[in-house]
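There are 2 protein chains.
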Amino acid sequence: MINQLVAKIRKTNAPIVVGLDPMMNYIPKEICSKVFAEMGETLEAAAEAAWQFNKGIIDATFDLIPAIKPQIAMYEQFGLEGLKVFQKTCAYAKEKGLVVIGDIKRGDIGSTSAAYAEAHLGKVQIGNKRYSVFNEDFATVNPYFGTDGVQPFLDVCKEEKKGLFILVKTSNPSSGEFQDKLVDGKPLYELVGEQVAKWGEAHMGETYSYIGAVVGATYPEMGKVLRKLMPKTYILVPGYGAQGGKAQDLVHYFHKDGLGAIVNSSRGIIAAYKNEKYALFGEEHYADAARQAVIDMITDINEALSK
Amino acid sequence: MINQLVAKIRKTNAPIVVGLDPMMNYIPKEICSKVFAEMGETLEAAAEAAWQFNKGIIDATFDLIPAIKPQIAMYEQFGLEGLKVFQKTCAYAKEKGLVVIGDIKRGDIGSTSAAYAEAHLGKVQIGNKRYSVFNEDFATVNPYFGTDGVQPFLDVCKEEKKGLFILVKTSNPSSGEFQDKLVDGKPLYELVGEQVAKWGEAHMGETYSYIGAVVGATYPEMGKVLRKLMPKTYILVPGYGAQGGKAQDLVHYFHKDGLGAIVNSSRGIIAAYKNEKYALFGEEHYADAARQAVIDMITDINEALSK
């Protein structure tokens, strides 16, 4: 799947991914009012609003981008109906030719990680039958448990030709609280990065490993170091835009050929219509605003890369 | 909720929790054959089998124990139908007077943790209405993101009078890979433990904080140290029994009054019928075997504590 992702990035010339995180306050009032009128102010209605919102964004951007990254928490919050929309969004994005990165950040002891890996990337055995359940292409994974918590994900990825992005250095303000602690003079995130590179060695695609890493855009100096420590590792970069990461800061997350990293934007794209810069589109044209924000983000990053 | 948990532990004299992790190979063939005959070898049938299995265990043990701990991965693997059974299991256990510890190990950047916290412990706002979605009493949380990833869980717990168990030292063999790394001569899990105690200070119940910690039974020396570092923190102890933790090793996870820790067993209870010791019960009496295993576990731990 890493090969497909790289091919899609080359084809679109867009090293970006759109984070589909349908929080209620991002969804235009028009969509909400309509579904609430039909279905009441229910979890089912909220999930339906999220679906309509997502479909609008995908339809308006799928030809420009290689991938989407739905954050499962934003669906889980609406319960079973929300998770149904998570599945539907993943399936619809795939129909449109997009790679789907499930931002699930699961991770547990081995037997439990195996259940998550089968549910999200592999197949679940029921009697003599096997079912794909959530069926993402990539999943994000938390490394706190160490190798035996990650291994079941690695195994399923090998079998299913899927991939991972393992948390190394997260984009949030307090990520340093544990991740930056020095171990023998080296920050913990570097140790995790080295381990991710090691896990990745046994799981190589054509040029890159299908075991990638998450490194936040908000820590560019660390991104630079991690890029060197993990040369074959694709880096998923959250934190661009709304969280504060800037294009010029991200250059060192990439290799010289413009590959090696894929930058996520969620709020900055899907709620672009709320940004003064795109206000002229108007709330009802939120999807057109998102398309323009995608175009601007691609330009922004490619300009920085070409310098 | 920590006060209720402590009261329930006192009342039952059972510092234990039953892990309801309905993996397919734990569910008696009789249950599976019956649901497969009715519903085919489907995800829905697997979820129904999990439900019947869980109900049997709860009905056979609820009068002996203070709490259950369903591992959400074992439900997520069956998709939406599985998660419906997770909800149903939590609700049924509460009806039976049990405290429900949702073993979800979620954790992310602030806005995402907020969505998880609302979904699992709090209420989700839809228009002018608010809904409880999964409605556990406690949830397990991964600390890798640091304070701002944990804060939304703390906030929701304060508002809803719920609680957390935050991963400090996990029970799996490779947990030391990152958790044991020395930071200024002190292992990372101690730093995390100190932080959990600090988070807990602002969230006190009567005697204990409602912000607890997870410390694996498989590392008793570390448990001893952590007990001292986190005096007001309730410790959830996985890894007893099937994973190798023994009662005499667990004494130091407790305070002298026999409180301060709650020991989980999953496989050892729910699949007791597969253990030679309980084989006489027979597969069809799996619930009676579970009840006997609960009685034996309580005796085992209380004997160790009384020494």
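Just so you know, the sequences run in chain order B and W.
Using this note's numbering, read the first sequence as starting at 121 and increasing by one per residue.
Using this note's numbering, read the second sequence as starting at 121 and increasing by one per residue.
Backbone N, C-alpha and C fix where the C-beta goes; we use that ideal spot for every residue, glycine too.
Endpoints, the beta strand (DSSP E) within which B:Gln245 is located: Annotation: the continuous beta strand (DSSP E) that includes B:Gln245 extends over Lys243 to Ile246.
Test: W:Thr353 CB closer than 8 angstroms to a CB of chain B: By this cut-off, W:Thr353 is not an interface position.
Proximal residues to W:His372 (C-beta, below 8 angstroms), its chain only, five neighbours per side dropped: If we look at W:His372 and ignore the five residues flanking it on each side, its Cβ neighbours are Pro340, Gly343, Lys344 and Arg347.
CB contact flag (W:Gly325, W:Met350, <8 angstroms): No.
Element boundaries [alpha helix (DSSP H), containing W:Leu308]: Per DSSP, W:Leu308 belongs to the alpha helix (DSSP H) from Leu308 to Glu321.
Contained beta strand (DSSP E) runs [length at least 3] in the segment 342-414 of chain W, N- to C-terminal order: Within the segment 342-414 of chain W, the complete beta strand (DSSP E) runs of at least 3 residues are 355-357 and 381-385.
C-alpha distance - W:Glu280 paired with W:Ala381, whole-angstrom precision: Approximately 23 angstroms between the Cα atoms of the pair.
Cβ neighbours of B:Leu425 in the same chain (closer than 7 angstroms, five flanking residues each side left out): In its chain, beyond the 5 residues on either side, Val371, Phe374 and Gly378 have a beta carbon closer than 7 angstroms to the beta carbon of B:Leu425.
Where W:Pro293 falls: helix, strand or coil (DSSP): Here W:Pro293 sits in helix by DSSP.
Best match in B:Trp319, B:Glu150 and B:Gly388 for proximity to B:Phe273 [C-alpha to C-alpha]: Out of B:Trp319, B:Glu150 and B:Gly388, B:Trp319 has the C-alpha closest to the C-alpha of B:Phe273.
B:Thr181, enclosing beta strand (DSSP E) - first and last residue: Segment Leu163 to Thr181 is the alpha helix (DSSP H) holding B:Thr181; no beta strand (DSSP E) there.
Buried/exposed call for W:Asn248, threshold 16 Cβ in 10 Å: Counting every other CB atom within 10 Å of its CB across the protein chains shown gives W:Asn248 a total below 16, marking it as exposed.
Contacting positions in the segment 231-249 of chain W - beta carbon closer than 9 angstroms to chain B: Within the segment 231-249 of chain W, the qualifying residues are Ser231, Thr232, Ser233, Ala234, Ala235, Tyr236, Glu238, Ala239, His240, Val244, Gln245, Ile246, Gly247, Asn248 and Lys249.
Where the beta strand (DSSP E) through B:Pro142 begins and ends: Run containing B:Pro142: none; DSSP gives neither H nor E here.
C-alpha distance - B:Tyr309 paired with B:Gly266, whole-angstrom precision: One C-alpha to the other measures close to 13 angstroms.
CB contact check: B:Val261 to chain W, cutoff 8 angstroms: Closer than 8 angstroms to the CB of B:Val261 there is not a single CB belonging to chain W.
Three-state secondary structure (DSSP) of B:Ile122: Here B:Ile122 carries a helix assignment [DSSP, helix/strand/coil].
Short CB-CB distance (under 8 angstroms) between W:Thr290 and chain B: Taking CB atoms only, W:Thr290 has a neighbour in chain B less than 8 angstroms away.
Terminal residues of the alpha helix (DSSP H) in which B:Pro263 lies: DSSP places B:Pro263 in no alpha helix (DSSP H); its state is neither H nor E.
Pairwise C-alpha distance: B:Pro190 and B:Leu284: Roughly 14 angstroms between the two C-alpha positions.
Where W:Ala322 falls, given that 16 or more other Cβ within 10 Å makes a residue buried: The residue in question, W:Ala322, is exposed, as its Cβ has fewer than 16 Cβ neighbours within 10 Å.
The segment 169-187 of chain W in contact with the segment 223-232 of chain W per 3-pair CB rule at 8 angstroms: Here the segment 169-187 of chain W does not lie against the segment 223-232 of chain W, with fewer than 3 beta-carbon pairs under 8 angstroms apart.
Partner residues on chain W for B:Gly227, Cβ-Cβ distance less than 8 angstroms: One finds Lys225 and Asn262 in chain W with Cβ atoms closer than 8 angstroms to the Cβ of B:Gly227, taken in chain order.
Distance between B:Tyr264 and W:Gly438 (C-alpha atoms, nearest Å): Missing from the structure shown is residue 438 of chain W; chain W here goes from 121 to 427 and no further.
Cβ-based burial, B:Asn292 [other Cβ within 10 Å; buried from 16]: Here B:Asn292 is buried, its C-beta having at least 16 other C-beta atoms within 10 Å.
Contact under 8 angstroms by Cβ, W:Ala167 with W:Val205: Cβ atoms of W:Ala167 and W:Val205: closer than 8 angstroms.
Burial state of W:Gly217, where buried means 16 or more other Cβ atoms lie within 10 Å: Counting the other Cβ atoms within 10 Å of the Cβ of W:Gly217 gives fewer than 16, which makes it exposed.
B:Ala391, buried or exposed, once every other Cβ within 10 Å from all chains shown has been counted against 16: Its Cβ being crowded by 16 or more others within 10 Å, B:Ala391 is buried.
Cα-Cα separation between W:Phe198 and W:Ala211, rounded to whole angstroms: For W:Phe198 and W:Ala211, the distance between alpha carbons rounds to 19 angstroms.
Near-chain W residues of the segment 252-283 of chain B (beta-carbon distance less than 8 angstroms), N- to C-terminal order: The residues in question are Val253, Phe254, Asn262, Pro263, Tyr264, Phe265, Gly266, Thr267, Asp268 and Gly269.
Within 8 angstroms of chain B by C-beta, residues of the segment 314-338 of chain W in sequence order: Here the close residues are Gln315.
Spatial distance of W:Ala367 from W:Tyr360 (CA atoms): The straight-line gap from Cα to Cα measures roughly 8 angstroms.
Residues of the segment 300-312 of chain B whose Cβ lies closer than 8 angstroms to any Cβ of chain W, in chain order: Within the segment 300-312 of chain B, the qualifying residues are Lys301, Leu302, Val303, Asp304, Leu308, Leu311 and Val312.
Start-to-end residues for the alpha helix (DSSP H) that takes in W:Tyr236: From DSSP, the alpha helix (DSSP H) with W:Tyr236 extends over Gly230 to His240.
Per-residue contacts from B:Met194 into chain W (C-beta, under 7 angstroms): Within chain W, the residues Ala235 have their CB atoms less than 7 angstroms from the CB of B:Met194, given in chain order.
Cβ-based neighbour list, W:Ile331, same chain, cut-off 6 angstroms, excluding 5 preceding and 5 following: If we look at W:Ile331 and ignore the five residues flanking it on each side, its Cβ neighbours are Leu284, Trp319, Gly320 and His323.
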